[in-house]
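What follows is a set of notes on a single structure, which appears directly below.
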Amino acid sequence: MFPTDEIKAKVAQLPEDERKKHEEVLMHADIIAADLYIYNQELMDKAVAEHKVVAMAGHLIKRANQLFKTKIPEGMDPKIAVGYFKEALNVHIGKGQKIF
91 MFPTDEIKAK VAQLPEDERK KHEEVLMHAD IIAADLYIYN QELMDKAVAE
141 HKVVAMAGHL IKRANQLFKT KIPEGMDPKI AVGYFKEALN VHIGKGQKIF
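The number in our numbering is simply the position in the sequence shown, starting from 1, with 90 added.
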C-alpha cells in the first residue's frame with residue numbers, strides 16, 4: 091500500500107505547511123502510478139515478469155513521470171517528490187519489488 095508506513099512517519103514529522111505539500115505530492119504519485127498500472131495491467135505484469143520494464147513500458151512510464159513532475163508544488167525538492175513517485179511505481183507496478 092502506498093504511501094508506505096515509513097514515508098507516512100517521515101511526513102508526519104514535518105511542519106504543517108511542508109507536510110501538506112508532501113501529502114499532496116504523495117496523493118498525485120499514488121493516483122498516477124495506480125492509473126498507469128490499471129490501464130496497462132497486462133503489459134506491466136508481463137514486463138515485470140520478464141524483467142523488461144524499461145524496454146516494454148519505458149515510454150509509458152516516461153509520460154507518467156512527465157505528468158507527475160507537473161504536480162510538484164513550487165518550493166518542494168523535486169528529488170524528494172520523484173522519490174515518492176518511484177516508490178509508488180514500486181508498490182503498484184512492482185508489487186513491492188524495488189524496480190525503480
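For glycine and all other residues, C-beta sits at the position ideal for the given N, C-alpha and C.
Pairwise C-alpha distance: Ala139 and Lys176:
Lys176 and Ala139: Cα-Cα distance of roughly 18 Å.
Helix, strand or coil: how does DSSP classify Lys185 here?
In the displayed model, Lys185 falls within coil according to three-state DSSP, outside both helix and strand.
Since His171 and Ile183 are thought to touch, with beta carbons under 8 Å apart, how far apart are those beta carbons, to the nearest angstrom?
The displayed chain sequence assigns Ala, not His, to residue 171. The Cβ separation is near 18 Å, so there is no contact.
Measure how close the beta-carbons of Ile189 and Val115 come, nearest whole angstrom, since I'm counting them as under 8 Å.
The C-beta distance from Ile189 to Val115 rounds to 20 Å, too long to fall under 8 Å, and the pair is not in contact.
Near Met166, what residues of its chain come up, given a Cβ to Cβ distance below 7 Å and the 5 sequence neighbours on each side ignored?
Within its own chain, the residues whose Cβ lies closer than 7 Å to the Cβ of Met166, once the five positions on either side in sequence are excluded, are Lys111 and Val115, listed in chain order.
Might you give, ordered along the chain, the residues of its own chain that have their beta carbon closer than 7 Å to the beta carbon of Met134, omitting 5 neighbours on each side?
Only Tyr127, Ala147 and Ile183 meet the Cβ criterion.
Assign Gln156 to one of three DSSP states: helix, strand, or coil.
Assignment of Gln156 by DSSP, reduced to helix, strand and coil, places it in the helix class.
DSSP state of His141 mapped onto helix, strand, coil:
If DSSP states are grouped into helix, strand and coil, His141 belongs with coil.
Nearest candidate by alpha-carbon position, reference Asn130, set His141, Ala154 and Glu113
Out of His141, Ala154 and Glu113, Ala154 has the C-alpha closest to the C-alpha of Asn130.
Alpha carbon to alpha carbon, how far is Pro93 from Ala178?
Whole-angstrom Cα-Cα distance: 7 Å.
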